[in-house]
Amino acid sequence: MTTTTATPPLIKPVPAPEHRRYLLRAFFLLRNYWQLTAGAYGALVGITLLTLATPQFIRWIIDQGIDAGNSRLLTWSVLALLGLTVVRGIFTYLQGRWTEMASQSVAYDLRNSMLERLSHLSFDYHDRTESGQLLSRAMQDVDRIRFLTGRAVLGLVNAVVLLIGTAIALLLMNPKLALLALAAMPILAYQATRFGVRFRPLSLAIQQQMAVLTTRLEQNLRGARIVKAFAQEDKEIERFETENRNWFGLSAEAARLQALNIPLMDLIANASTVFILWYGGSLVINDLITLGDLIAFTTYLGQMAGPVRRFGMIIPAIAQAGASAERVFEILDAESQVQDEPNAQPLPPVQGHLCFEDVSFAYSGSRRVLNSVSFDVKPGQVLALLGPTGSGKSSVINLIPRFYDPSAGRVTIDGHDIRHITQASLRSQIGIVLQESTLFATTIRENIAFGRPDATDEEVIEAAKAAQAHNFIMEMADGYNTEVGERGSTLSGGQRQRMAIARALLKDPRILILDDATASVDTETERLIQKALNRLMEGRTSVIIAQRLSTVRMADLILILERGRVTGAGTHEELLATSSLYQRIYQGQLERA
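No gaps in the numbering here: position 1 of the sequence shown is 312 in our numbering, and each next residue is one more.
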């Protein structure tokens, strides 16, 4: 693979105060697990105290045991030192366990909160956001926040406390030697800060590029059949390799910075050790300090190297976690364009009187797709929508379950403005069968019962029979317990449609939306689907998008849409007499018949 360093994408780094705010907000997610966190930091205190005490204990062993020739004292002292090591090991185990339990709980809560937020955000948000980006944030970014709330901050606190404790111990032992040893600390602090400033925007760019990679991979997996059908495997591989190369270039630059930073900080920290050994050795020779003092001193210096190395690893991790927190909280803070009003009331059981009153609509940042659309559908009637692609048919049906809100005008059901009622109660009385039916990678039974998980087996079977689906289901090896594969890939298009109809039947909605449900199927399958639809539509207010006149002719009201406006309305016979577009559609289908 060519390792050409890619130009990092243009990013706008978060200002430092805002960056710190995201970090603090992520850290305070631990408040729900304060007992575990307090226990972990309590264990840290124990570890730190033992770490600081160990060099002094070694000094005492050398001076009072080895130099004094006291073998009995030496034996018991070494056993005591071993006991301290065991105690420290217990503290380390507890710290690691409690830290991971708390941080994993934070990750668990974050992923649940993200799914809850994404589930409640309106379609407008999902229209603007790629699924690969969301997957990357839910997995990779949350894991970085987990590391931040766990080992990263704990390691940083440990390093700071150990450095301060070691510095105090050194100053108490010998101020001159201590000042010589600590002279490198300001340089280390400067290098750590400088590295963080350079690494933080780079880490954000890496995470953004990883999201791009995830999106590209997700789209290729989802569209695998299309890629193969059009023989575009090599082209898609090339596109993925381009994005992968961009990620590699950014990661290589980050690795270069880290590879330079860690040894540089080690060099700065350990440079003073050489002078300490020289100067401290001369003090021992001149009997100004004991050998135990010098060994304790150098032991403390060795302990300082550990925190310094951790700084080199933790600071990049915290920079990455800050960028991750920004991306995760962006989702959690997102506001849905469609929200329940504070005093929204549940929609009572309805008859199905549907009315559009001078409704206009535009998607975010787009021109209007509906202009002053009005119609009135009585309970139990069938409304058919006809018109060329882009005329606004899909926008009409998206407004009924309030996937979007109108830009102007209002939509009412039984006289209730749907903006004043709760979304859940509205959608519970609406059934939808789309042109491309979505099934989940689970059993046939669970797919049919999706809208009513508490439905009995008898109710599921009855719905499947009414949808003309029972026979083909029973022909499968496991019947209703058959796994349908991702997006129902193991079923034919007609079978998926009939299962979607069964799902709608089981829900027993008062208002039914059908989006070209018989498109792109053979004649026999269309006959079965149409039979199921006729059963489904009985006694329900139905809104149909259809291009086939065999479906449209049964409608009580047909609307002709052109460029977002109603250009014709009436029954089949009325439109044949008044609408030139309807006449052209009718004539075209007669010629194709």
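Positions of the beta carbon are idealized from the N, C-alpha and C atoms, including for glycine.
Segment limits, alpha helix (DSSP H) that includes Phe-783: Position 472 of the sequence shown holds residue 783. For Phe-783, the enclosing alpha helix (DSSP H) starts and ends at 781-785.
Element boundaries [alpha helix (DSSP H), containing Phe-458]: The sequence position of residue 458 within the sequence shown is 147, counting from 1. Segment 453-458, the alpha helix (DSSP H) holding Phe-458.
For Thr-609 and Leu-578, believed in contact at Cβ under 8 Å, the rounded distance: Position 267 of the sequence shown, counted from the start, is the residue given in the question as residue 578. Position 298 of the sequence shown, counted from the start, is the residue given in the question as residue 609. Actually they are not in contact, since the Cβ atoms of Leu-578 and Thr-609 sit about 17 Å apart, beyond 8 Å.
Among Ala-752, Gln-520, Ala-582, nearest to Arg-556 - alpha-carbon criterion: In the sequence shown, residue 556 corresponds to position 245, counting from 1. It is Gln-520.
Cross-strand partners of Leu-697 (DSSP beta bridge): Along the sequence shown, read from residue 1 onward, the residue named residue 697 stands at position 386. According to DSSP, which records beta bridges pairwise, Leu-697 is partnered with Ile-871.
Other residues of its chain near Met-312: CB distance less than 7 Å, five sequence neighbours each side excluded: Within the sequence shown, the letter at position 1 stands for residue 312. Note that Met-312 has pLDDT 39, beneath the 50 cutoff, so the model's placement of it is unreliable and no number is given.
DSSP-derived helix/strand/coil call for Met-364: Start at 1 with the first residue of the sequence shown, and residue 364 comes out as number 53. Checking the displayed sequence, the identity of residue 364 turns out to be Ala instead of Met. Helix, per DSSP.
For Gln-346, the three-state DSSP class (helix, strand or coil): Here the question's residue 346 lines up with position 35 in the sequence shown. In the structure shown, the three-state DSSP call for Gln-346 is helix.
Residues that DSSP places opposite His-727 in a beta bridge: Numbered from 1 along the sequence shown, position 416 holds the residue referred to as residue 727. According to DSSP, which records beta bridges pairwise, His-727 is partnered with Ile-724.
The segment 725-735 touching the segment 642-655, judged by at least three CB pairs closer than 8 Å: By the criterion of at least three beta-carbon pairs nearer than 8 Å, the segment 725-735 is in contact with the segment 642-655.
Per-residue DSSP class, three states only, for Leu-602: Taking the first residue of the sequence shown as 1, we reach residue 602 at position 291. Shown here, Leu-602 sits in a helix according to DSSP, grouped into three states.
Beta-ladder partner(s) of Phe-586, from DSSP: Counted from its first residue, the sequence shown places residue 586 at position 275. None; Phe-586 has no bridge partner.
Neighbourhood of Met-484 by C-beta distance below 6 Å, restricted to the same chain and skipping five residues each side: Translated into the one-based positions of the sequence shown, residue 484 becomes position 173. Shown here for Met-484: not one same chain residue has a beta carbon closer than 6 Å to its own, the five before and five after excluded.
Residue from Ile-724, Pro-764, Leu-393 with nearest C-alpha to Pro-690: Against the sequence shown, residue 690 aligns to sequence position 379. Proximity to Pro-690 across Ile-724, Pro-764, Leu-393 peaks at Ile-724, based on C-alpha coordinates.
Rounded straight-line distance, which links the Cα of Ala-628 to that of Leu-710: As a first step, residue 710 must be located in the sequence shown, where it is residue number 399. As a first step, residue 628 must be located in the sequence shown, where it is residue number 317. Cα-Cα distance, rounded: 45 Å.
Three-state secondary structure assigned by DSSP to Gln-543: Counting from 1 along the sequence shown, the entry for residue 543 is found at position 232. DSSP places Gln-543 in coil when its eight states are reduced to three.
Cβ neighbour criterion (16 or more within 10 Å) applied to Ala-494: Within the sequence shown, residue 494 is the residue found at index 183, counting from 1. Residue burial is scored here from C-beta neighbours: Ala-494 has fewer than 16 other C-beta atoms within 10 angstroms and is therefore classed as exposed.
Cβ-Cβ distance between Val-771 and Asp-716 below 9 Å: Indexing the sequence shown from 1 puts residue 771 at position 460. Indexing the sequence shown from 1 puts residue 716 at position 405. Contact: no.
Which of helix, strand or coil DSSP assigns to Val-707: Residue mapping note: residue 707 aligns to position 396 of the sequence shown, counting from 1. Here Val-707 sits in helix by DSSP.
Close beta carbons around Asp-728, own chain, < 8 Å, minus the five adjacent residues each side: Counted from its first residue, the sequence shown places residue 728 at position 417. Cβ neighbours of Asp-728 beyond the five flanking positions: Arg-721, Val-722.
Assigned exposure category for Asn-782 - 16 Cβ within 10 Å defines buried: Translated into positions along the sequence shown, residue 782 becomes position 471. It counts as exposed.
Beta-carbon spacing of Val-863, Leu-697 below 9 Å: Working through the sequence shown from its first residue, we reach residue 863 at position 552. Working through the sequence shown from its first residue, we reach residue 697 at position 386. Yes, these two residues count as a Cβ contact at 9 Å.
Thr-601 to Asp-374 span [Cα, whole Å]: Within the sequence shown, numbered from 1, the residue matching residue 601 stands at position 290. Within the sequence shown, numbered from 1, the residue matching residue 374 stands at position 63. If you draw a straight line from the Cα of Thr-601 to the Cα of Asp-374, it comes to about 7 Å.
Nearest-angstrom Cβ-Cβ length linking Thr-754 and Thr-793, presumed shorter than 8 Å: Locating residue 754 in the sequence shown gives position 443, where the first residue counts as 1. Locating residue 793 in the sequence shown gives position 482, where the first residue counts as 1. Going by Cβ atoms, the distance from Thr-754 to Thr-793 rounds to 6 Å, so yes, they are a contact pair.
Per DSSP, the bridge partner or partners of Gln-656: Stepping through the sequence shown from its first residue, residue 656 is reached at position 345. DSSP lists Ile-732 as partners of Gln-656.
Inter-residue spacing [alpha-carbon to alpha-carbon] between Val-670 and Ile-871: On the sequence shown, position 359 is the one that residue 670 refers to. On the sequence shown, position 560 is the one that residue 871 refers to. So the two alpha carbons sit approximately 15 Å from each other.
Per-residue burial, Gln-894 [other beta carbons within 10 Å of its own, 16 or more giving buried]: Indexing the sequence shown from 1 puts residue 894 at position 583. By the neighbour-count criterion, in which a residue is buried when 16 or more other Cβ atoms sit within 10 angstroms of its Cβ, Gln-894 is exposed.
Which of helix, strand or coil DSSP assigns to Arg-556: In the sequence shown, the residue the question calls residue 556 occupies position 245. The three-state secondary structure of Arg-556, taken from DSSP, is helix.
Integer Cβ distance of Arg-621 from Gly-466, believed to fall under 8 Å: Your numbering for residue 621 matches position 310 in the sequence shown. Your numbering for residue 466 matches position 155 in the sequence shown. Confirmed, Cβ separation roughly 5 Å.
Span of the beta strand (DSSP E) around Ser-685: Your numbering for residue 685 matches position 374 in the sequence shown. For Ser-685, the uninterrupted beta strand (DSSP E) segment begins and ends at 679-688.
Distance, Ala-775 Cα to Gly-560 Cα: Start at 1 with the first residue of the sequence shown, and residue 560 comes out as number 249. Start at 1 with the first residue of the sequence shown, and residue 775 comes out as number 464. When rounded, the distance between both Cα atoms is 54 Å.
Residue range of the alpha helix (DSSP H) that includes Ile-377: Within the sequence shown, the letter at position 66 stands for residue 377. Segment: none, Ile-377 is in no alpha helix (DSSP H) and carries neither H nor E.
Thr-318 versus Val-468 - alpha carbon distance: On the sequence shown, residue 318 is found 7 positions in, with the first residue counted as 1. On the sequence shown, residue 468 is found 157 positions in, with the first residue counted as 1. Legend: pLDDT at Thr-318 = 36, less than 50; position of this residue unreliable, value from coordinates given subsequently. Each residue's alpha carbon lies about 36 Å from the other.
C-beta contact flag for Ile-856 and Ser-685 at 9 Å: By one-based count along the sequence shown, residue 856 stands at place 545. By one-based count along the sequence shown, residue 685 stands at place 374. Cβ distance not < 9 Å, so Ile-856 and Ser-685 don't count as in contact.
Per-residue DSSP class, three states only, for Ala-752: Residue mapping note: residue 752 aligns to position 441 of the sequence shown, counting from 1. Collapsing the DSSP output to three states places Ala-752 in coil.
Proximity of Ile-626 and Phe-506 at Cβ, strictly below 9 Å: Along the sequence shown, read from residue 1 onward, the residue named residue 626 stands at position 315. Along the sequence shown, read from residue 1 onward, the residue named residue 506 stands at position 195. Taking 9 Å as the Cβ cut-off, Ile-626 and Phe-506 qualify as a contacting pair.
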